[in-house]
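Working notes for the structure below.
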Amino acid sequence: MRIYKYDKLACGALMEEEKMFKEIMDVTPKWEELPGYEQPDYPGIKALLYEGLPKGGTPTRIFAYMGVPESASPANPVPAVVLVHGGGGHAFAEWVRIWNERGYAAIAMGNTGHFPKRAGKINIYAPEDWTHEIDEMELKADGWTLIPDNDGMKSYEQELSSQWMYHAVGSVILAHNLLRADERIDSGKIGVTGISWGGVITSIVMNHDNRFAFYIPVYGCAHLGESLTWMKDCFTPGALKLWDASRRLNYSSAPVLWVCWASDGAFSINTNNASYEDTIQRAALSMRIDMLHGHVQGWVPLEIYRFADWAVKGGLPLTSVVRQPDASSKRNVELEIKQANDVSRVEAICYYITEELSYNEQSEIQQQWQEVKCDYTPQTGELRAVLPESAHSYYVEIRNFCADGCYVVSSKFITL
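In the numbering used here, the protein residues as written are 5 to 420.
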């Protein structure tokens, strides 16, 4: 594989960005199973190593868990999903199991080069059970190394093959190729979802790999140069020259679900909202008031699985916002939804703040969310609320109750 070099003095950074992953789109990486590293609590989920992008001319390998439903076969291929973890995370066999039980093949790779510390049973959630070094000599025999760890974008000035984000994005594309080469998987029905930094990676992947059938970034998003939290220190002007996901979000035409927490201390909601607005013709937004930030919290929301089922399995759609609220209506909040057929009840709350959105030095949102219940007219799909004069910005959270539980869709974030 060719190793591209990033010349920070060149004016062709965008052209370089467009081509940097082109030649691996049709490359099925070499891979091998690692039976000793399978987890006894997750029968049927394989541990494997697959070939990553070269690092400074040295071959790399990426650890992953992969599972395929027992019912899958070349005659009965199933949809699939690539699972992209966030900061402090690893390849999660549990995440693979969740998707397998829903009828999807799934692969969860370590996008920061981490590897199980030992063969046999480990605690997949415990950082101390993972390492960025390879101890077993037989694994070192081929002279390969692990991909770089997450460095908060600090390596953006280095040769491209030394940059963490280059390898992280490459790990997703190559995992996608691995799934596409499996005859038990429908290659036209493969999606991707990522949590936190994994959501950032997923957003950047949207700029490069338009073969995915859906994209679901959770917390992480594009427009991070506009962040109001510590994330702005990662996405400096230099880092954005190559890794500004907002530049080419529409390279793909596949549907997108943006999922976020309204009080997230990592990703300020102005960035989630801007990402949604960039893709609004093919996207939905789920901005939740009660979520917290974590891997488990990031894979629990029902809307993630319903959206995927709609995109690739002919499932029911999410309730959709067909007319967004508008700042010109001032404090008279008006929007219209198309309620999904199986939804038995809709509850809508308008959450607002009374000052301009801001975050303190600890990246905590400085405003308290306040709420007003919306009136809903099912016959027309209209939602209405009246905000107090003190309201500065708001969004509407729409809770949809169905046989599977409750899922959330949201309006865009409006500043008055």
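The C-beta atom is built at its ideal place from N, Cα and C for all residues, glycine as well.
Residue interval of the alpha helix (DSSP H) (run including residue i)
| i | result |
| --- | --- |
| Met169 | Trp168 to Arg184 |
| Arg310 | Leu306 to Val316 |
| Tyr280 | Ile273 to Asp282 |
| Gln301 | His299 to Trp303 |
| Arg101 | Ala97 to Glu105 |
Backbone CA spacing between residue i and residue j [nearest angstrom]
| i | j | result |
| --- | --- | --- |
| Ala110 | Asp268 | 27 angstroms |
| His171 | Arg327 | 40 angstroms |
| Leu420 | Ser414 | 18 angstroms |
| Leu322 | Gly298 | 24 angstroms |
| Val350 | Cys410 | 9 angstroms |
| Ser290 | Arg403 | 10 angstroms |
| Ala95 | Tyr398 | 36 angstroms |
| Thr64 | Ile353 | 49 angstroms |
| Ile205 | Asp153 | 14 angstroms |
| Val176 | Gly114 | 10 angstroms |
| Ile308 | Pro78 | 27 angstroms |
| Ala51 | Thr135 | 16 angstroms |
| Ser394 | Gly203 | 34 angstroms |
| Tyr355 | Met210 | 30 angstroms |
| Leu164 | Thr116 | 16 angstroms |
| Met29 | Leu178 | 8 angstroms |
| Val412 | Leu306 | 8 angstroms |
| Ile49 | Met70 | 6 angstroms |
| Tyr108 | Ser272 | 32 angstroms |
| Asp146 | Phe67 | 15 angstroms |
| Cys238 | Trp373 | 27 angstroms |
| Met24 | Asp45 | 39 angstroms |
| Ser279 | Ala344 | 24 angstroms |
| Met141 | Asn277 | Low confidence applies here, because Met141 scores a pLDDT of 47, under 50, leaving its location unreliable and the question unanswered by this model. |
| Cys264 | Leu57 | 31 angstroms |
| Gln285 | Thr62 | 42 angstroms |
| Asp330 | Leu387 | 13 angstroms |
| Glu36 | Phe119 | 15 angstroms |
| Ala270 | Val173 | 20 angstroms |
| Thr233 | Ser324 | 29 angstroms |
| Tyr219 | Leu87 | 11 angstroms |
| Ala185 | Thr32 | 7 angstroms |
| Glu105 | Ser231 | 36 angstroms |
| Pro83 | Gly198 | 17 angstroms |
Endpoints, beta strand (DSSP E) assigned at residue i
| i | result |
| --- | --- |
| Ile205 | It is not in any beta strand (DSSP E) - Ile205 instead sits in the alpha helix (DSSP H) that spans Trp201 to Val209. |
| Ala352 | Arg349 to Ile357 |
| Leu387 | Glu386 to Val390 |
| Ile341 | Asn336 to Lys342 |
Beta-bridge pairing of residue i - partner residues as DSSP gives them
| i | result |
| --- | --- |
| Leu150 | Arg65 |
| Ser414 | Glu401 |
| Ile113 | The question names Ile, yet the displayed sequence has Met at residue 113. Met113 pairs with Ala68 and Val88. |
| Met291 | Cys264 |
| Arg34 | Sequence check: residue 34 is Lys here, not Arg. BP columns for Lys34 are empty, so no partner. |
| Glu375 | Tyr355 |
| Ile189 | Val82 |
| Lys50 | Met70 |
| Ile194 | Ala84 |
| Pro120 | Trp134 |
| Val325 | Ile341 |
| Tyr363 | Ile369 |
Three-state class that DSSP yields for residue i in the structure shown
| i | result |
| --- | --- |
| Gln162 | coil |
| Asp408 | coil |
| Ser250 | helix |
| Arg460 | This structure gives no information on residue 460, because the portion of the chain shown stretches from 5 to 420. |
| Glu55 | strand |
| Ile28 | helix |
| Ser77 | strand |
| Ser333 | helix |
| Tyr380 | strand |
| Tyr129 | coil |
| Met141 | Note that Met141 scores a pLDDT of 47, beneath 50, so its modelled location is shaky and nothing firm can be said. |
Distance cut-off 7 angstroms: residue i Cβ against heavy atoms of the ligand NAD
| i | result |
| --- | --- |
| Gly242 | The model depicted lacks the ligand NAD and carries no ligand whatsoever. |
At 4 residues or longer, and completely inside the segment 212-265: list those alpha helix (DSSP H) runs for me, N to C. 241-247
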